[in-house]
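Remarks on the structure that follows.
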Ligand SMILES: *[C@@H]1O[C@H](CO)[C@@H](O)[C@H](O)[C@H]1NC(C)=O
Ligand SMILES: *[C@@H]1O[C@H](CO)[C@@H](O)[C@H](O)[C@H]1NC(C)=O
Ligand SMILES: *[C@@H]1O[C@H](CO)[C@@H](O)[C@H](O)[C@H]1NC(C)=O
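Numbering (mature numbering (1 follows the signal peptide of the UniProt record, and there is no 0)), first residue to last: -18 to -1, 1 to 434.
Below, the structure written as structure tokens:
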């Protein structure tokens, strides 16, 4: 066996066990949704109090960050800073620690890297990066690691969804201009994760949250996947992170990309687009005051939605991997199309879920379930929600673990019972979710539903 073959073999074994550098061997996590990317349906009263609006078709009123920032250019930053300060607090972190949570997924907009925003046509609040630093620092003190999730992409990656920051059917992410901006975002986040002490617990970067499922509508997404990983690894190399396969390169001097790049020949990793991204990243890093060499030695985990998120001949993100990589699948029964809307159909479906196996067969392993919850298309009894929580946790734990959507939602008259099925902390309080996330109420919950 050649040494490289041995290395690959060991890497495959490690991947199969789900132990990626920095991540817990089993992820018991929650999303920090509606914090740095606000979705007004999750906090309807606060949104109205902030000055937002509610409407059936979210593109037709002030229902998103974009519409809000456009309507209130002078006050948006202060109003959002108050939201960021109060929506996710030390008290929330204490509650997550008490609930045994070991990982958070942090949804982020491209606008958190403020120089990327074209202010003539794009409207978003400023000041999120300081809040991200604040939150990561508190999470780290609590022993919780973070996945940085590029949740809302430049140009908008999916039509008419609040989670993209802008409700519109004008979807322009899948263009060279916006792929390029997303890659600059990636290099900035990679640099922050290695250089900024506040980011010491950021262990993974997810390329894009929930692209359009029909791969025919996401042209060049496969090339973007390749460049995403190359940008992370090229940035790490320039920051002095030991990076397999870069041995012959000149030793990094001071993390100054501009000084380094001329000494690095064009190669498979340092291709023309990656070099262009790195050169465009430099002035942003200077503006943000971020430079220097990496403070840590581990490579970041690159993270993609799994190949089976898409249909219609999708690109396979496993072909982009260079170093540690993980895969993310999201599963909501409440939006339809998964199982018939009744208890037996839900349990039969989840108890026979084949997603982990189907992904592994295509190299998409380890896999975690980065979004799920307790919502249903029918009125669920308490008795059902105990089973529904158990069965989902048992299914997702067969992979690398899970992250619930969401850590909390608003509790108000207007929000009604939203918290019962969408809030992890309330689910624990109500008893549906066990106080120890590694446990279930009834390990046999699936016994009547498993098919031969
Ligand atoms: C870059 O290419 C030149 C010319 O082929 C070669 O002399 C040099 O060693 C290369 N540098 C690296 C770091 O590979
Ligand atoms: C980075 O290197 C370039 C080229 O040597 C130099 O002009 C620039 O001042 C350096 N920037 C920093 C922040 O050191
Ligand atoms: C656990 O679930 C199984 C299958 O539904 C059921 O037969 C058993 O009674 C349950 N155990 C408890 C303690 O509720």
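For each residue, glycine too, the CB sits at the ideal point set by N, CA and C.
Sixteen is the threshold: when 16 or more other Cβ atoms of the shown chains lie within 10 Å of the Cβ of residue 216, as they do, the residue is buried. Under the 8 Å Cβ criterion, the stretch 24 to 44 does not count as touching the stretch 105 to 117, having fewer than three qualifying pairs.
The shortest C-alpha to C-alpha distance from residue 386 to any of 78, 55, 60 and 18 is the one to 78. In the DSSP annotation of this structure, residue 106 is not part of any beta strand (DSSP E), being labelled neither H nor E.
With a beta-carbon spacing of about 7 Å, residue 389 and residue 74 fall inside the 8 Å limit used to define contacts. The C-beta of residue 15 has 16 or more other C-beta atoms within 10 Å across all chains shown, which makes the residue buried.
For residue 349, the enclosing beta strand (DSSP E) covers residues 349 to 353. A distance criterion of 6 Å places the beta-carbon of residue 427 in contact range of ligand 3, judged by its closest non-hydrogen atom. Nearest in C-alpha terms to residue 403, of all of 426, 423, 424 and 367, is 367. The Cβ atoms of residue 276 and residue 320 do not sit closer than 7 Å to each other. Not a single heavy atom of ligand 3 lies less than 6 Å from the C-beta of residue 348. By the neighbour-count criterion, in which 16 or more other beta carbons inside 10 Å mark a residue as buried, residue 284 falls on the buried side.
Residue 424 has its Cβ nearer than 6 Å to a heavy atom of ligand 3. Residue pairing by DSSP places residue 9 opposite 383 in a beta bridge.
At least 7 Å separates the beta-carbon of residue 23 from that of residue 69. For residue 202, the three-state secondary structure derived from DSSP is coil. Between residue 335 and the set 324, 323, 346 and 376, the nearest pair of CA atoms involves 376. In the three-state reduction of the DSSP assignment, residue 277 falls in the coil class.
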